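Student:
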Amino acid sequence: MKFADILKDVASEGKEKHVPSIDTFPAHGSEKADLVRVIVGKETPHPNTVEHHIAWVELFGVKTDGVVINLGRAGFAPSFTEPTVSFHTSLDQFKAFCALSYCNIHGVWESCLEV
Ligand SMILES: [Fe+2]
Numbered sequence: 020m021k022f023a024d025i026l027k028d029v030a031s032e033g034k035e036k037h038v039p040s041i042d043t044f045p046a047h048g049s050e051k052a053d054l055v056r057v058i059v060g061k062e063t064p065h066p067n068t069v070e071h072h073i074a075w076v077e078l079f080g081v082k083t084d085g086v087v088i089n090l091g092r093a094g095f096a097p098s099f100t101e102p103t104v105s106f107h108t109s110l111d112q113f114k115a116f117c118a119l120s121y122c123n124i125h126g127v128w129e130s131c132l133e134v
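With my numbering applied, the sequence shown closes on residue 134, and no number is skipped along the way.
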């Protein structure tokens, strides 16, 4: 078995949504840093209870030379925090961003965004 064998993507989605959605926001106005935002359940909220929740999200950046950087990880408190997180970084260093999310019932989910 390879690690990739346990990753699920949009092809595995049912009525509950687990695939992390990645959006980028260039710095503007008084903002000094670009943002990469990761949301799970952007259009259809995922359950957020102790019994069934998104426990964490992790973001990776793929640099223009192909090197992969782990940009960070956010853990969530079920019923208290929504599975949404923003990372401050410089968009021009990267050619893609990839995110993982973990549901305590349905496993590890992936998505990537080329920029
Ligand atoms: Fe789930």
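Think of the CB as a built atom: it goes at the ideal place given N, C-alpha and C, for glycine as much as any other residue. Here the structure is a predicted model, which is why all the values come from computation and not from measurement.
#1: For the beta strand (DSSP E) that contains residue 114, what are its first and last residues?
#2: Quick check on the DSSP output: the beta strand (DSSP E) that includes residue 21 runs from which residue to which?
#3: At the 8 Å Cβ level, is residue 123 part of the contact set with chain B, yes or no?
#4: Keeping to the same chain, check which residues put their C-beta closer than 7 Å to that of residue 38; ignore five residues upstream and five downstream.
#5: Tell me whether residue 130 sits in a helix, a strand or coil according to DSSP, three-state version.
#6: Within 10 Å of its beta-carbon, does residue 108 have 16 or more other beta-carbons around it, so buried, or fewer, so exposed?
#7: As an exercise, report each continuous beta strand (DSSP E) stretch of at least 3 residues that is fully enclosed by the stretch 55–106, in chain order.
#8: To the nearest angstrom, how far is the alpha carbon of residue 64 from that of residue 119?
Tutor: Reading it off the structure:
#1: 113–122
#2: Run containing residue 21: none; DSSP gives neither H nor E here.
#3: No chain B appears in this structure, which consists of one protein chain only.
#4: 28, 29, 32, 128, 130
#5: strand
#6: Residue 108 should be labelled buried.
#7: 73–82, 87–94
#8: 17 Å
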